[in-house]
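Colleague: Got a structure for you, questions after.
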Amino acid sequence: MSALVQPRLVNGPFGDPVLYLDFRFERRAILFDIGAFAPREILRVSHAFVSHAHMHHLSGLDRLLRLRLHTQGTLHLAGPRGFVDQIEHRLRSYTWNLVDDNSTDFRLQVAEFDGRTLRRACLRARDAFRRWDVDTVEARDGVILSEEGLSVAACLPDHGTPSAAFALRETQRINVWRSMLDEIGLPVGPWLNEAKAGLRRGCGDAHVLSVPGHGTISLGILRERTPRVSSGDAIAYVTDAADHEENRARIASLATGAQRLFLEAVYLSRDRSIAKATRHLPARAAGEIARRLKVRSATPFHHSPRYLETSEAPEREFRRAFAADEVVA
Ligand SMILES: [Zn+2]
Ligand SMILES: [Zn+2]
């Protein structure tokens, strides 16, 4: 069975950064950055983690809010220090005289991360998006979201301003093989999420699951036949970071062990002076970072539009550094 989460760079390597993380069998998705975008599945987004508020990383927020405004439930947003103010001010730039207690109960939970703590606020549509400061909690080991089965950790590389990098990890992976399901005549489907949650929680063998259209099955049957537990999948997302040792160390401590890495590779080496001035990773530096992390797959993105006419050049330079042998001095 393929990975739980399927990542997709919605706007490709040259467009505004948006990594859409689609959860298999769940009507749920997570975003890393909210550049201008319009995927069909936007209503599935439960959490959006924003690296920083440079416009091309956040300008899709209006569209996201526009589509979510009349849906019940909570949308979670998180970013670096100052993010709660920025979202509050964005909302205050609109007129909300038509929302009241009878409006759909749509809420925003907004959090900002300063490297150690998470400061949280809530803004409700019914309350014209007035800000309520909720609390400040410790983000141990940089973990800013912890749910059954997954966590998201952050660190704050320097980009002239803090630019958050994120790593999503499955805390425990349970693979259910399709061939086994075929053997016992059950279909793949959303019911497997409940099964996996039961296995993670250690529910008893007698625990009964219902399989729509196929009756019920006890967890014990699944436990004895299938579940292979392996270390979880991890996806790291790093963008807008100057190339210096401190940033490389921060990125390494966040992304070590990640199987899949999405990493900015903005400029070619020949333009390293621009990379330095704008505090971005050049393609070669990004490739070196990915190589040292020993990730299974690395995807460079956020290429400068100055290379659109030679669009393969940034990725080529990245791949060359990613594949190179370590130089022994
Ligand atoms: Zn930036
Ligand atoms: Zn950027």
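The sequence shown begins at 17 in this note's numbering and counts up by one. Glycine is no exception: its CB is placed at the ideal position from the N, C-alpha and C atoms.
Looking only at its chain, what residues have a beta carbon closer than 8 Å to the beta carbon of ARG241, apart from the 5 residues adjacent to it on each side?
Modeller: These residues qualify, in order along the chain: MET196, GLU199, ILE200.
Colleague: Classify VAL150: buried if its beta carbon has 16 or more other beta carbons within 10 angstroms, exposed otherwise.
Modeller: The residue is exposed, with fewer than 16 neighbouring Cβ atoms inside 10 Å.
Colleague: Look at the Cβ atom of VAL61, then the Cβ atom of LEU80, and state whether they are nearer than 8 Å.
Modeller: Going by C-beta atoms, VAL61 is nearer than 8 Å to LEU80.
Colleague: Once DSSP output is grouped into helix, strand and coil, what is the label at SER109?
Modeller: If DSSP states are grouped into helix, strand and coil, SER109 belongs with coil.
Colleague: Hey, which unbroken runs of the beta strand (DSSP E) at 3 residues or more fall wholly within the stretch 115-199?
Modeller: List check, beta strand (DSSP E) in window: 122-129, 133-140, 147-154, 159-163, 166-171, 181-186, 189-191.
Colleague: Look at the Cβ atom of LEU284, then the Cβ atom of ALA299, and state whether they are nearer than 8 Å.
Modeller: Result yes, Cβ atoms of LEU284 and ALA299 sit closer than 8 Å.
Colleague: What is the residue span of the alpha helix (DSSP H) that ILE267 lies within?
Modeller: From DSSP, the alpha helix (DSSP H) with ILE267 extends over 261-271.
Colleague: Should ARG237 be labelled buried (16 or more other beta-carbon atoms within 10 Å of its own) or exposed?
Modeller: Here the sequence assigns Ile to residue 237, which means Arg is not the residue at that position. ILE237 should be labelled exposed.
Colleague: With burial defined as no fewer than 16 other Cβ atoms inside 10 Å of the residue's Cβ, what is the status of GLU88: buried or exposed?
Modeller: What sits at residue 88 in the sequence shown is Gln, not Glu. Exposed, since its Cβ has fewer than 16 Cβ neighbours within 10 Å.
Colleague: Going by CA-CA distance only, name the one from THR326, ILE46, ASN118, CYS171 that's closest to ARG264.
Modeller: Per the Cα distances, CYS171.
Colleague: Measuring only from the beta carbon, is THR315 closer than 7 Å to any heavy atom that is part of ligand 2?
Modeller: It does not: the Cβ of THR315 is nowhere closer than 7 Å to a heavy atom of ligand 2.
Colleague: DSSP puts LEU25 in a beta bridge; with which residues?
Modeller: Beta-bridge pairing links LEU25 to LEU35.
Colleague: Spatial neighbours of GLU164 within its chain, please: C-beta separation below 7 Å, excluding the five flanking residues on both sides.
Modeller: So the qualifying residues of the chain are ALA213, ARG216.
Colleague: Taking the CB atoms as reference points, tell me whether LEU139 and ARG132 lie closer together than 8 Å.
Modeller: Cβ atoms of LEU139 and ARG132: not closer than 8 Å.
Colleague: CB-CB under 8 Å to ARG239, same chain, minus the five flanking residues each way: which ones, in chain order?
Modeller: For ARG239, where only same-chain residues beyond five positions count, the Cβ hits under 8 Å are LEU215, ASP221.
Colleague: Rounded to the nearest angstrom, what separates THR352 and ALA314 at their Cα positions?
Modeller: Outside the shown range of the chain (17 to 345) lies residue 352, about which nothing can therefore be said.
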